[in-house]
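Here's the structure we're looking at; comments come further down.
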Amino acid sequence: MFGLSRFPYLGVVVPKAVLPGRRSGSLRGWCLGSMAVFQSGLLVLTTPLASLAPRLAPILTSAARLVNHTLYVHLQPGMSLEGPAQPQSSPVQATFEVLDFIAHLYAGANLHRHLDVRILLTNIQTKSAFLPPLPSSVQNLAHPPEVVLTDFQTLDGSQYNPVKQQLERYATSCYSCCPQLSSVLLYPDYGIGMLLVESLDVPLSSTIRPASPVARSPKQPVRGYHRGAVGGTFDRLHNAHKVLLSVACILAQEQLVVGVADKDLLKSKLLPELLQPYAERVEHLSEFLVDIKPSLTFDIIPLLDPYGPAGSDPSLEFLVVSEETYRGGMAANRFRLENDLEELALYQIQLVKDESHEQHEEEKVSSSNSRQRLLGKLLRPPNKRPELPSGLYVIGLTGISGSGKSSIAQRLKGLGAFVIDSDHLGHRAYAPSGPAYQPVVEAFGTDILHKDGIINRKILGSRVFGNKKQMKILTDIVWPVIAKLAREEMDLAVAEGKDVCVIDAAMLLEAGWQNMVHEVWTVVIPETEAVRRIVERDGLSEAAAQSRLQSQMSGQQLVDQSHVVLSTLWEPHVTQLQVEKAWNLLQKRISKTPQACD
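What follows is the structure in structure tokens.
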């Protein structure tokens, strides 16, 4: 017999033997500790959909405490695990109620951001494909489940061994699972209020709407099509993407064309520097699609114009769009009609609300919000710099002209950082008594001097700007001098008892100074905003401002070599919160890895 441990705060009854790879031992230490010990799991839902919807939140909460990465979901409403015969997977007819439920489940999964939820669609079939079950092979999954969970409950609320064995056999008959598969019957605390809602039989809100004149009702079967399309940026694949893709996968019976926005279509995106590269987005998208419906053929292509294949492919029959892209779908249909092609059946998906969005973020679940939440976070491991002063952690702060880099430096100074201004060091280097003065005069002549002997930086700038050879002569003189002065300033920071030093330098990466910092922090803003700020601040023309930016590394080039990214695009208080977030995370890193400073 399996020993049982009931933990009310966990929301499940767990057997004492569900550790992966073993069949014995107590879970008490695990339950009180890390909670989720399984990397991947399969959740088999057996409750009828009408009763299941109000129970989803506690079910997902219970599952999220057991699984910490990938949670597959298999819908088999009405299945019993207590009968004498081994249950078999049977087709679930795709109705609008099923589509709404899928959208509802993904929306609920937003509360568990650590979970990559994937609803498996192999047994969900449209009206045209709703056939008796056929013998099929076990479906391979990208992350074979280590544990199978279910909402099925025994009358006595126990981890009844025969039921668990039925569950494990059912899971392994459908999907590739880990050899030592564990199983848990979930017993979430549904609460009286939830059961009252369930008793009212309140239908789910409609989240999928076919375009007129196609009507819909919850129990109405969904039509299947041979080929269809869906498009998007699909950056950091999130649950709203998954609703869009899942509906498209259910509608398509043979092939699904997936357009992935690239190049010019990305320019208007918020924080485009933090977008995943096209190849990475396609890789994640492909894994998800093959996982949820491997029987389909997927044609994933770059989307380079607003219409894409939806405007020109005569073999397409439907297009899945969101509320935001519905007008684009209508425009694609007008374009098709103008070119003697049949209209596409449009299926519009409601936006998924982000219940935990900040004031400056979008109200919907979006990749833009995901990118904003990366601001201030560490994107890659810090550099080890044993040659730097012991006990000092050095940040290199950079950004394009007009990015607000200096304002960020002052905010960091207010939090306790020692700030080294590379522009100030440059002035010291050029001064008559400075270490770069004589070499610069010898290289460029005395006609670059004011009457008082001070270097006229405007004249010097006119000599080197646009002349790569002359610019290299100047930077080969000045950059090593500024680097040496910066190291002297680091010693001063140590003498003052500072543990964080920030080098504020627009040319940090061009000068190669990333080799003397632990982390590179980059401040980004759209180029149009940078031009506006430069014009306003320096009195330059727009053309002159753009020319200045073109002479620098782009924001994307800077971000590609950065550890932390910040932005001054929003109100000052939002910038302050970003900086404080970055600072607090930095303090945690320093406290955990003091050797990085030694």
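Numbering (the working numbering) for the sequence shown: 74 to 671.
Cβ coordinates follow ideal geometry from the N, Cα and C atoms, glycine included.
Bear in mind the structure is a predicted one, so any value in this text is a computation, not a measurement.
Supposed close pair residue i, residue j - CB separation, criterion 8 Å
i, j, result
"Ala334", "Ile473", "That belief does not hold up - the Cβ atoms of Ala334 and Ile473 are roughly 24 Å apart, past 8 Å."
"Leu348", "Asp308", "5 Å"
"Gly304", "Gly332", "4 Å"
"Leu329", "Gly301", "6 Å"
"Thr199", "Pro150", "Not confirmed; about 17 Å, so no contact."
"Ala244", "Cys251", "At roughly 10 Å, the Cβ-Cβ gap does not stay under 8 Å, so Ala244 and Cys251 are not in contact."
"Leu133", "Ala182", "6 Å"
"Thr471", "Leu582", "6 Å"
"Asp386", "Ala482", "Contact flag wrong, Cβ pair sits at about 52 Å."
"Glu416", "His299", "Not really, about 16 Å apart at Cβ, beyond 8 Å."
"Leu358", "Leu310", "6 Å"
"Leu188", "Ala130", "With a Cβ gap of about 13 Å, Leu188 and Ala130 do not count as contacting."
Within 8 Å, strictly: CB atoms of residue i and residue j
i, j, result
"Pro164", "Asn213", "no"
"Gly114", "Leu144", "yes"
"Ile281", "Phe371", "no"
"Tyr179", "Val394", "no"
"Ile468", "Val573", "yes"
"Leu642", "Ile598", "yes"
"Ala509", "Asp364", "no"
"Ile550", "Val514", "no"
"Tyr380", "Ala418", "no"
"Gly475", "Ile607", "yes"
"Pro283", "Tyr420", "yes"
"Thr398", "Lys342", "no"
"Gln634", "Val593", "yes"
"Ala559", "Leu498", "yes"
"Phe174", "Val140", "no"
"Ala680", "Ser439", "Lying before the first or after the last residue shown, residue 680 is absent from the chain, which here runs from 74 to 671."
"Leu392", "Val295", "no"
"Arg242", "Gln161", "no"
"Val554", "Ala504", "no"
"Leu424", "Val637", "no"
"Leu122", "Ile323", "no"
"Leu240", "Val117", "yes"
"Ile493", "Val590", "no"
"Pro218", "Tyr248", "yes"
Alpha helix (DSSP H) segment containing residue i, residue limits
i, result
"Gly499", "495-503"
"Cys247", "234-247"
"Asp364", "351-365"
"Ser440", "440-447"
"Phe391", "Phe391 -> not in any alpha helix (DSSP H); beta strand (DSSP E) instead, spanning 391-395."
"Arg453", "No alpha helix (DSSP H) contains Arg453, which DSSP labels as neither H nor E."
"Arg536", "530-537"
"Ile132", "129-137"
"Glu615", "615-623"
"Tyr399", "399-411"
"Tyr510", "510-517"
In DSSP terms, what residue i is bridged to
i, result
"Asp372", "Val330"
"Ala325", "Tyr298"
"Pro160", "Pro160 is not bridged to any residue."
"Thr471", "Thr595"
"Pro283", "Tyr420"
"Val573", "Tyr466"
"Gln651", "The partner list for Gln651 (beta bridge, DSSP) is empty, contrary to what the question assumes."
"Gln212", "Tyr248"
"Thr223", "Val117, Leu258"
"Leu522", "Ile528"
"Phe491", "Cys574"
"Val604", "Paired residues: none, contrary to the question."
"Ile481", "The partner list for Ile481 (beta bridge, DSSP) is empty, contrary to what the question assumes."
"Val303", "Val331, Val393"
"Lys426", "Lys437"
Enclosing beta strand (DSSP E) for residue i [first to last residue]
i, result
"Asp564", "Careful: Asp564 lies outside any beta strand (DSSP E), inside the alpha helix (DSSP H) at 541-568."
"Leu679", "Outside the displayed range of the chain (74 to 671) lies residue 679, so it cannot be described from this structure."
"Gln112", "111-118"
"Leu639", "637-640"
"Arg191", "189-192"
Would you call the segment 614-621 and the segment 516-523 touching, i.e. three or more CB-CB distances under 8 Å? no
Evaluate contact between the segment 242-258 and the segment 218-227, counting only Cβ atoms and requiring at least three cross-stretch pairs below 8 Å. yes
Any contact between the segment 482-490 and the segment 646-664? By contact I mean 3 or more CB pairs, one from each, below 8 Å. yes
Is the number of C-beta pairs between the segment 400-413 and the segment 434-447 that are closer than 8 Å three or more? no
For the 8 Å Cβ check, are there 3 or more pairs between the segment 443-457 and the segment 555-575? no
Are there three or more Cβ pairs, one per stretch, closer than 8 Å when the segment 449-463 is compared with the segment 522-542? no
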